[in-house]
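Okay, structure first, notes after.
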Amino acid sequence: MQGELWERTAGAQAQAVRSGEVSALEVVDSHLERIAAVNPRANAVTLLLTERARAAAADTDRRRAAGEPLGPLAGVPFTVKETTAVEGVPTTFGVPRFRDLVAAADAPPVARLRAAGAVPIGHSNVPTMILAGMHTRSELFGDTVNPWDPGRTPGGSSGGDAVAVATGMVPLGLGNDSGGSLRVPAQFCGVAALKPTSGRFPADHRFLGTDDPGPASQMLVTDGPLARTVGDLRLAYEVLAGADPRDPRAVPVPPYGEPLRAPVKVAVVADPGGRGVHPAVRAAVDAAAGALVDAGYDVREVADVPRLDEALDAYDRITVTEFAPAWPAVRGLLGEGGDRYMAMVMERTPPATSGELVTLMGTWLNIRRSWAAFLHEHPLLLGPSFTEPPVEPGLESRDRRGRDRVASGLRLCAVTSFVGVPAVAVPTGTADGLPCGVQIVGRAFREDLCLDAAQAVEDRLGVLTPVDPRAAVGTDHPSR
């Protein structure tokens, strides 16, 4: 596999196109060939935009030949989650009923990547309506396979993008995250991901282009990139950040803040809430902590993160209250068995009354205050994205015990989404043939600090992907 264009980082591909070493069309065709080779086994790319991608690449080549300046992601292919609009193609959410709902315009992050020269090459799979569970299986497209072991889930809900990136089908994926949907599949597939601060990237999460959603959906869902390297995450971050008239939530904060006095403090919490953590995950946190010590950070274990259980309870109550009126209509779209995960959530968490909801909104702000104070003392927090290695597909939908186990596993992702702070997921190595990783959480609008620390981890612990998908359980693990 050495020497193939699709193996290169996004940054290296763009540089090769800008310099004229290769054409953008050659880069796109290399990825199309890789998709043809591995997607039948992985089932990550749901709609391939072959002709559109090749036309966009040819236009890039024409512009380079004419001496026009090219963007920082010139010719770089990327996938887009089935929940995010790409002009002229359906945004299906993995639902058969939506297979013909063609998007009128690119979603803001797609438009930003395209303006930087990147080329959308396909849509990527999700759990049906991102509601059927953590495992990436949609009613319309079926199961996406973890390339390290088909007996383990790739995670979700951005699992299609994580697998596409991990296997070299694309160097960048565009997903989103409201409680781990970028970071968990990154950990399970051995890639990196950035969940930005709420308001850092412009977005449009209106369902089918209608009215805007309620406050939970407005605040919790953030679009973000996945990549094989932290350097590529940084490139995407610089392109995606900034205000946009299409999204009044997007804040014009500079992408880089003032440098902090060294050594930067890092709080370590390997087992948030003391509920238990798998030895392999604890070892991953220890390895990342050691890498940060070696890089000159002031790394220290702390007792716990602020108000974890209270935050998780408020998260559930607020989101269920907002979602409950739509549940009867949505339930019928999820397909046979696709409603089990959400049904268990709805049964356990009753919607709040109007008075309770007002109180909960105050609690939400108060918890954010507690986290702001915590991160003022410790600018960075190191912990797991998921407290176990990759679990079996559909565990969260099997029964209440499985659902609770998965919800507990991603608890640090849920609470950090709830308080709206940024986080970068970065691999740390493997254990028993499966990828391991951590997340580095930072102060609001200090994605740069998270990326710097994640780069220090990557520099010392290495990059795991691209990998070839395993054909079946029991075969050799994927090779580089």
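Numbering (the working numbering), first residue to last: 107 to 586.
We put the CB at the ideal spot given by N, CA and C, even for glycine.
Predicted, not measured: the structure shown is a model, and the values here were computed from it.
DSSP three-state assignment for aspartate 582, whether helix, strand or coil: The predicted model places aspartate 582 with a pLDDT of 35, which falls under 50 and marks its position as unreliable; any figure quoted below should be read in that light. Reduced to three states, the DSSP call for aspartate 582 is coil.
Decide if aspartate 582 is buried, meaning its Cβ has at least 16 other Cβ atoms within 10 Å, or exposed. Since pLDDT at aspartate 582 reaches only 35, below the 50 mark, its modelled position is unreliable, and no value is offered.
Integer-rounded CB distance, given that alanine 309 should sit under 8 Å from alanine 395: Their Cβ separation, rounded to whole angstroms, is 33 Å, which puts alanine 395 and alanine 309 out of contact at 8 Å.
Determine, using beta-carbon pairs with one atom in the stretch 221–239 and one in the stretch 424–440, whether at least three such pairs fall under 8 Å. yes
Keeping to the same chain, check which residues put their C-beta closer than 6 Å to that of serine 499; ignore five residues upstream and five downstream. Residue identity differs from the one stated: residue 499 is proline in this sequence, not serine. Same-chain partners within the cutoff: His241, Thr259.
Closest to cysteine 556 by CA distance: which of Val151, Arg218, Val372 is it? Val372
Cβ contact (3+ pairs, closer than 8 Å) linking the stretch 191–199 and the stretch 162–169: no
What residue from Thr156, His137, Gly181, Gly274 has the CA that sits closest to leucine 82's CA? The structure shown has nothing for residue 82, since the chain only spans 107 to 586.
What is the residue span of the beta strand (DSSP E) that asparagine 472 lies within? Looking at the DSSP string, asparagine 472 is not in any beta strand (DSSP E); the run it does join, the alpha helix (DSSP H), is 460–483.
Does the distance from the C-beta atom of alanine 550 to that of valine 530 stay below 8 Å? no
Measure the Cβ-Cβ separation of leucine 280 and threonine 185 and say whether it is below 8 Å. yes
Of the choices Leu278, Ala390, Glu174, whose alpha-carbon is the least far from that of glutamate 113? Leu278
Among all the DSSP beta bridges, which residues are the ones paired with serine 264? According to DSSP, which records beta bridges pairwise, serine 264 is partnered with nothing at all.
Through-space distance from alanine 118 to serine 585, alpha-carbon basis: Caution is warranted here: a pLDDT of 30 is assigned to serine 585, below 50, making its placement in the model unreliable, and no coordinate value can be reported.
Please state whether the Cβ-Cβ distance between threonine 522 and valine 387 is less than 8 Å. no
Just the Cα atoms here: how many angstroms apart are valine 573 and leucine 288? 19 Å
Whole-angstrom C-beta distance between serine 230 and threonine 152, which should lie under 8 Å: 6 Å
Tell me whether serine 125 is buried or exposed, calling it buried when 16 or more other Cβ atoms sit within 10 Å of its Cβ. exposed
Roughly how many angstroms lie between the CA atoms of glycine 490 and asparagine 145, to the nearest whole one? Sequence check: residue 490 is proline here, not glycine. When rounded, the distance between both Cα atoms is 29 Å.
With burial defined as no fewer than 16 other Cβ atoms inside 10 Å of the residue's Cβ, what is the status of threonine 328: buried or exposed? buried
Considering only their Cβ atoms, is the gap separating arginine 413 from serine 476 smaller than 8 Å? yes
Outcome for valine 375 when other beta-carbon atoms lying within 10 angstroms are tallied against a minimum of 16: buried
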